[in-house]
Amino acid sequence: MDDLQYGTRNKRGDWAPNEPAGTAPLFAFPPRPLALLKWLPHYFLPYNLLFAVTSVIWWRYVLPDVEVMKTLSVGWILRLFIVNCAALLVFFGAFELRLYILRAQGNRFKYNGKWPSEQKSKAFFFENQNIDNMLRTFGTGMPIWTAIEVAILYAYANGYVPWLSFAGHPVYLFCLALVVPIIHETHFFLLHRTIHWGPLYKWVHSVHHNSVNPSPWSSLSMHPVEQLGYLGVAFWHLIIPSNPLLALYQLHYAGFGAIPGHVGFDKIELTEDTSVDSHAYIHYLHHKYFEVNYGDGLIPFDRWFGTFHDGSKEGEARMQARYEKKKARANAAAAK
Numbered sequence: 566m567d568d569l570q571y572g573t574r575n576k577r578g579d580w581a582p583n584e585p586a587g588t589a590p591l592f593a594f595p596p597r598p599l600a601l602l603k604w605l606p607h608y609f610l611p612y613n614l615l616f617a618v619t620s621v622i623w624w625r626y627v628l629p630d631v632e633v634m635k636t637l638s639v640g641w642i643l644r645l646f647i648v649n650c651a652a653l654l655v656f657f658g659a660f661e662l663r664l665y666i667l668r669a670q671g672n673r674f675k676y677n678g679k680w681p682s683e684q685k686s687k688a689f690f691f692e693n694q695n696i697d698n699m700l701r702t703f704g705t706g707m708p709i710w711t712a713i714e715v716a717i718l719y720a721y722a723n724g725y726v727p728w729l730s731f732a733g734h735p736v737y738l739f740c741l742a743l744v745v746p747i748i749h750e751t752h753f754f755l756l757h758r759t760i761h762w763g764p765l766y767k768w769v770h771s772v773h774h775n776s777v778n779p780s781p782w783s784s785l786s787m788h789p790v791e792q793l794g795y796l797g798v799a800f801w802h803l804i805i806p807s808n809p810l811l812a813l814y815q816l817h818y819a820g821f822g823a824i825p826g827h828v829g830f831d832k833i834e835l836t837e838d839t840s841v842d843s844h845a846y847i848h849y850l851h852h853k854y855f856e857v858n859y860g861d862g863l864i865p866f867d868r869w870f871g872t873f874h875d876g877s878k879e880g881e882a883r884m885q886a887r888y889e890k891k892k893a894r895a896n897a898a899a900a901k
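For the sequence shown, this note's numbering gives the first residue as 566, with consecutive numbering after it.
Right, dumping it as structure tokens:
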């Protein structure tokens, strides 16, 4: 595919789409029913449906019987941890292999013209972004992921929280499944905005932002505190009446779903003429500019709070104007 039909590349080799990034029409006012109908399939495909299916597969083939989960034993927990790691290795690894190792589509649709493997930095373990990102993902991310999963399943199995059945509450649980992405977006925005506060950014979130040029393994490369907060979105299903299968879906949506914003490419080519949108641009701009796009655009939080950047010159101007106001406030406070 010719990516210059869809965007432009600057002298540094960075590619940007012609169309500015937009937020979903889900909460648009005034309502845009035609735009909503056109967008609606993207709410399910390709990612949301995939993560829902994986949760069913885990429930059917990976998890033990409920009676077994009433007890915390090494056997089933270790098996779950191994399966989680293997699945993440395959899923994230497939993007890494095709796009960054084999470079099957070259730098077509790649936002940042440089390759992380060719950039050494002392911010990373062994000065290597991929090694650092993988160590953080599997060293702390996957144990925390599995611990959250085990805690939720243990609580449901022992009746510590309400377990609503699909047979008894089909409409409610179906609607709850539909709002799993909305729960994620709300939790993510609030958490993300919080950890950009000075001290928390310095000691926690800066680890993730070391990957200025993100790639697939950057997705869950975070400080353990951030990993716990981010993956902990699944704990909402211990607070609201729910079902463990939906809690699994919420966890998979966060864990496996971290990759779209970090894949580094705007489109993933399938053939010479077809591709799949990555939906990565909004979060890529966050990694590039740091103080914009704290959400992923499903809910227009950033538009409401004035922190949205769509990648356009107008978006750049709004960001710079906000920076100038922030600088002026800081200077005024220092002068007192």
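Virtual Cβ for every residue (Gly too), placed ideally from N, Cα, C. No experiment lies behind these values; they were computed from the predicted model shown.
CB contact flag (residue i, residue j, <8 Å)
| i | j | result |
| --- | --- | --- |
| Y846 | A586 | yes |
| P746 | L599 | no |
| P865 | N778 | no |
| N808 | L700 | no |
| S784 | A819 | no |
| Y854 | A742 | no |
| W604 | P582 | no |
| P825 | F657 | no |
| I709 | A799 | no |
| I717 | L803 | yes |
| D861 | F739 | no |
| D697 | S840 | no |
| F870 | V857 | no |
| L664 | F830 | yes |
Beta-carbon contacts of residue i that lie in its chain and below 7 Å, excluding the five residues immediately before and after
| i | result |
| --- | --- |
| L756 | G794, Y795 |
| V769 | I760, H788, V790, E791 |
| T705 | P789, Q792 |
| V726 | A720, L803 |
Residues near residue i in its chain [Cβ-Cβ closer than 6 Å; skip 5 each side]
| i | result |
| --- | --- |
| Y608 | none |
| P629 | W641 |
| F731 | L738 |
| R949 | Residue coverage of the chain in this structure runs from 566 to 901, which leaves residue 949 outside it and unanswerable. |
CA-to-CA distance, residue j to residue i, given in whole angstroms
| i | j | result |
| --- | --- | --- |
| Y859 | L645 | 32 Å |
| N723 | H817 | 22 Å |
| A812 | S620 | 9 Å |
| N672 | N775 | 22 Å |
| L810 | W624 | 7 Å |
| P595 | V772 | 40 Å |
| M566 | T573 | 14 Å |
| R668 | V828 | 13 Å |
| L522 | A617 | Past the edges of the chain, shown from 566 to 901, lies residue 522, and the structure says nothing about it. |
| S638 | E683 | 44 Å |
| Q694 | Y766 | 19 Å |
| T711 | A895 | 43 Å |
| K891 | A897 | 10 Å |
| E837 | E750 | 34 Å |
| A652 | E889 | 45 Å |
| M707 | I647 | 9 Å |
| M634 | Y719 | 6 Å |
| E834 | E632 | 45 Å |
| W580 | L662 | 21 Å |
| L601 | R868 | 18 Å |
| Y571 | D842 | 12 Å |
| E584 | V627 | 42 Å |
| G578 | L569 | 12 Å |
| C650 | V744 | 27 Å |
| R758 | W801 | 19 Å |
| Q536 | I805 | The requested residue 536 does not occur in the structure, where the chain is confined to residues 566 to 901. |
| H844 | G876 | 13 Å |
| S686 | I622 | 40 Å |
| A908 | Q885 | Absent from the structure is residue 908, since the part of the chain shown begins at 566 and ends at 901. |
| V655 | A899 | 51 Å |
| G797 | Y612 | 20 Å |
| F690 | P735 | 48 Å |
| T636 | L643 | 13 Å |
| E879 | A593 | 20 Å |
Any non-hydrogen atom of the ligand HEM within 7 Å of residue i CB
| i | result |
| --- | --- |
| H874 | The ligand HEM is not part of this structure, which contains no ligands at all. |
Residue burial classification, residue i (beta-carbon count within 10 angstroms, cutoff 16)
| i | result |
| --- | --- |
| T702 | buried |
| L614 | exposed |
| G733 | exposed |
| G640 | exposed |
| N575 | exposed |
| K832 | buried |
| T588 | buried |
| F660 | buried |
Residue-chain proximity (residue i, chain D), Cβ-Cβ < 8 Å
| i | result |
| --- | --- |
| V639 | Of the chains in the structure shown, none is chain D; there is only one protein chain. |
Original post:
Should the stretch 672 to 688 be regarded as contacting the stretch 831 to 850, the criterion being three or more beta carbon pairs within less than 8 Å?
Top reply: yes
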